[in-house]
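Below: the structure, in structure tokens.
Chains as they are written, first to last, in the working numbering: chain A, 28 to 148; chain B, 292 to 612.
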């Protein structure tokens with residue numbers, strides 16, 4: 028049996044408050060046009076970006092995770108954002124969506140791999 | 292066994308039956324011999340059987356190794372340095388060493404300096420010291436090939452992104468780079484500057500000069516769906532059409548595939564690191580996992596013969612098992 032000391036109780040309570048605050052923050056974020064904490068995830072698997080097209084709001088983050096054993100890169104076709112270095116297995120790359128528009132990108136190692144980010148206001 | 296595409300039912304340049312036969316051989320290094328302007332090859336086993344020396348008429352022999360992927364450590368082969376060493380041991384065991392090696396790219400997995408260091412260190416054990424290189428996409432991941440050029444293309448004075456040519460025993464060798472500045476949705480690419488250089492490079496050669504072209508990504512449409520081809524290779528081959536003997540050596544796809552088109556013989560070599568699936572037989576061209584006891588049978592050394600009066604290559608491999 029574990030007995031909580033008063034210090035532990037305080038910590039638990041503190042964690043609860045933090046958790047509650049984060050939840051509220053995230054909830055509030057949903058209604059905002061730009062939520063920099065929202066993670067839009069794109070998985071790289073079997074030499075493809077999934078989802079191939081993703082729609083996000085300006086200011087939101089977009090994160091790619093490489094699930095292949097092969098290195099991949101994320102490169103903007105029109106050089107609209109800084110390209111990633113080569114991502115090894117399980118490595119991630121994150122950008123913050125900028126001005127509204129359509130951003131086409133590809134893997135410069137395997138250029139058959141293409142994807143699109145649609146950024147809305 | 293046919294050494295050219297004899298069953299092309301899909302009209303896609305892939306002879307699936309022939310491919311499987313090639314896969315049954317499996318290899319990674321090709322011993323090329325050039326005798327009287329004719330390329331030929333032999334298996335190491337054949338050489339050993341014949342009493343350990345190359346035919347007297349042989350003027351030149353060289354060997355192709357490819358796709359070492361130093362730094363790769365996943366399931367398909369957790370020790371690619373070791374299999375690379377084994378391949379070098381096989382070369383060292385040859386009674387008559389090849390005059391030089393060509394490495395057709397992907398020395399490393401992630402273009403890391405320490406991966407190149409490991410490769411260079413292990414290569415020191417090779418008796419054959421002359422090596423000619425072309426980069427693979429894994430060698431130029433983050434710096435556009437700067438480090439690669441400094442390390443491997445300085446002595447050959449590579450032009451542009453690193454292409455060059457040289458002559459050996461009357462044979463004209465052309466090293467092409469098709470892994471840089473790739474375009475979204477596209478394939479391997481040579482680019483206008485390199486193509487113009489190529490046109491000028493061969494302009495004054497006699498049509499009877501044997502030509503050997505080597506580059507990382509295949510210069511023929513092996514399987515464009517997986518990016519296994521080079522978008523502007525047709526133009527390059529156009530400049531080589533008038534030559535009586537053109538041999539194109541590639542890597543990239545980690546398996547032996549062969550095709551003969553007129554006077555041009557295309558050939559891809561095995562990797563010393565891991566096999567890749569046959570075109571279209573897997574969700575992606577990623578490393579193919581095979582039982583550990585099978586791995587070395589899919590890596591090995593291949594000798595190729597190019598006999599006078601025959602336009603097709605005969606490729607037979609000896610594996611590393």
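The C-beta atom is built at its ideal place from N, Cα and C for all residues, glycine as well.
Point to revise | residue 111(A) versus residue 461(B) - alpha carbon distance | key: As a first step, residue 111(A) is located in the first chain; it is residue number 84 there, counting from the start. As a first step, residue 461(B) is located in the second chain; it is residue number 170 there, counting from the start. Taking the Cα positions, residue 111(A) is about 45 Å away from residue 461(B).
Point to revise | Positions along the segment 97-116 of chain A whose CB lies within less than 9 Å of some CB in chain B | key: Per Cβ criterion, the list reads 97, 98, 100, 102, 104, 112, 113, 115 and 116.
Review point. If we ignore side chains and look at the alpha-carbon of each, how far apart do residue 364(B) and residue 497(B) end up?
Key: Locating residue 364(B) in the second chain gives position 73, counting from the first residue. Locating residue 497(B) in the second chain gives position 206, counting from the first residue. About 47 Å.
**Study point:** Short Cβ contact (9 Å threshold) for residue 430(B) with residue 391(B)
**Key:** Your numbering for residue 430(B) matches position 139 in the second chain. Your numbering for residue 391(B) matches position 100 in the second chain. Between residue 430(B) and residue 391(B), the C-beta spacing is not below 9 Å.
Point to revise | Coarse secondary structure for residue 137(A), derived from DSSP in three states | key: The residue given as residue 137(A) occupies position 110 in the first chain. It is coil, neither helix nor strand.
Practice item. Whole angstroms is fine: what's the gap from residue 115(A)'s alpha carbon to residue 402(B)'s? Key: Locating residue 115(A) in the first chain gives position 88, counting from the first residue. Locating residue 402(B) in the second chain gives position 111, counting from the first residue. Roughly 11 Å separates the two Cα atoms.
Point to revise | Interface partners of residue 577(B) on chain A, CB under 8 Å | key: Locating residue 577(B) in the second chain gives position 286, counting from the first residue. By Cβ distance, chain A contributes 73, 74, 95, 96 and 97.
Exercise for review: Provide the residue(s) that pair with residue 130(A) in DSSP beta bridges, ordered along the chain.
Suggested key: As a working note, residue 130(A) is residue 103 in the first chain. According to DSSP, residue 130(A) bridges with 144(A).
Practice item. Please compile the residues from chain A whose C-beta is within a distance smaller than 9 Å of the C-beta of residue 433(B). Key: Your numbering for residue 433(B) matches position 142 in the second chain. 100, 112 and 113, listed in chain order.
Exercise for review: Would you mind stating whether residue 232(B) and residue 520(B) have Cβ atoms separated by less than 9 Å?
Suggested key: The displayed coordinates of chain B run from 292 to 612. Any statement about residue 232(B) would go beyond what the structure contains.
Check your understanding: Is residue 383(B) helix, strand or coil by DSSP?
Key -> Position 92 of the second chain, counted from the first residue, corresponds to residue 383(B). Residue state, collapsed to three classes: helix.
Point to revise | Contact set between residue 131(A) and chain D, taken where Cβ atoms lie within less than 7 Å | key: No chain D is part of this structure, whose protein chains are labelled A and B.
Review point. What's the gap between the Cα of residue 368(B) and the Cα of residue 374(B)?
Key: Numbered from 1 along the second chain, position 77 holds the residue referred to as residue 368(B). Numbered from 1 along the second chain, position 83 holds the residue referred to as residue 374(B). Going from the Cα of residue 368(B) to the Cα of residue 374(B) covers about 9 Å.
Point to revise | Beta carbon proximity, residue 401(B) to chain A, threshold 9 Å | key: Working through the second chain from its first residue, we reach residue 401(B) at position 110. Output row for residue 401(B): interface = yes.
Check your understanding: Rounded to a whole number of angstroms, what is the C-alpha to C-alpha distance between residue 132(A) and residue 141(A)?
Key -> For this step, residue 132(A) is matched to residue 105 along the first chain. For this step, residue 141(A) is matched to residue 114 along the first chain. Residue 132(A) and residue 141(A): Cα-Cα distance of roughly 6 Å.
Check your understanding: Which residues in the same chain as residue 143(A) place their Cβ atom closer than 8 Å to its Cβ, once the five residues preceding and following it in sequence are excluded?
Key -> Start at 1 with the first residue of the first chain, and residue 143(A) comes out as number 116. Counting only Cβ-Cβ distances below 8 Å, and skipping sequence neighbours, we find 79, 80, 81, 129, 130, 131 and 132.
Point to revise | Within-9 Å CB hit, residue 141(A) to chain B | key: Counting from 1 along the first chain, the entry for residue 141(A) is found at position 114. At least one chain B Cβ lies under 9 Å of residue 141(A).
Check your understanding: Using a C-beta cutoff of 9 Å, does residue 517(B) count as contacting chain A?
Key -> If you number the second chain from 1, residue 517(B) lands on position 226. Chain A, which has a Cβ nearer than 9 Å to the Cβ of residue 517(B), makes this yes.
Review point. When the distance is taken between beta carbons, is residue 506(B) closer than 9 Å to residue 481(B)?
Key: Within the second chain, numbered from 1, the residue matching residue 481(B) stands at position 190. Within the second chain, numbered from 1, the residue matching residue 506(B) stands at position 215. Going by C-beta atoms, residue 481(B) is nearer than 9 Å to residue 506(B).
Check your understanding: Which whole-angstrom value describes the C-beta separation of residue 456(B) and residue 397(B), a residue pair presumed to lie in contact below a C-beta threshold of 8 Å?
Key -> For the purposes of this step, residue 456(B) is identified with residue 165 of the second chain, where counting begins at 1. For the purposes of this step, residue 397(B) is identified with residue 106 of the second chain, where counting begins at 1. Wrong, their Cβ atoms sit about 22 Å apart, outside the cutoff.
Review point. Hey, out of 458(B), 517(B) and 476(B), whose CA is closest to residue 493(B)'s CA?
Key: The residue you call residue 493(B) lines up with position 202 of the second chain. Looking at the Cα atoms, 458(B) is the closest of the given residues.
Exercise for review: Just confirm the distance between the C-beta atoms of residue 476(B) and residue 137(A), as a whole number of angstroms; I'd bet it's less than 8 Å.
Suggested key: Residue 476(B) sits at position 185 when you count from the first residue of the second chain. Residue 137(A) sits at position 110 when you count from the first residue of the first chain. That pair is no contact at about 11 Å.
Check your understanding: Counting contacts by CB-CB distance shorter than 9 Å, is residue 89(A) in contact with chain B?
Key -> One-based indexing of the first chain puts residue 89(A) at position 62. No, because no Cβ of chain B sits closer than 9 Å to the Cβ of residue 89(A).
Exercise for review: Measure from the C-beta of residue 574(B) to each C-beta in chain A and report whether the shortest distance is under 9 Å.
Suggested key: The residue labelled residue 574(B) in the question sits at position 283 within the second chain. Closer than 9 Å: yes.
Point to revise | Selected residue, minimal CA-CA separation from residue 380(B), among 414(B), 546(B) and 470(B) | key: Here residue 380(B) refers to the residue found at position 89 of the second chain. That would be 414(B), whose Cα lies nearest to the Cα of residue 380(B).
Exercise for review: To the nearest angstrom, report how far apart residue 71(A) and residue 394(B) are at their CA atoms.
Suggested key: Your numbering for residue 71(A) matches position 44 in the first chain. Your numbering for residue 394(B) matches position 103 in the second chain. Taking C-alpha positions only, residue 71(A) is separated from residue 394(B) by approximately 30 Å.
**Study point:** Backbone secondary structure at residue 612(B) - three-state DSSP
**Key:** On the second chain, residue 612(B) is found 321 positions in, with the first residue counted as 1. The answer is coil: DSSP assigns residue 612(B) none of H, G, I, E or B.
Check your understanding: When you check each C-beta in the segment 408-437 of chain B against every C-beta of chain A, which residues fall closer than 8 Å?
Key -> Along the segment 408-437 of chain B, the positions whose C-beta sits under 8 Å from a C-beta of chain A are 428, 429, 432 and 433, read in chain order.
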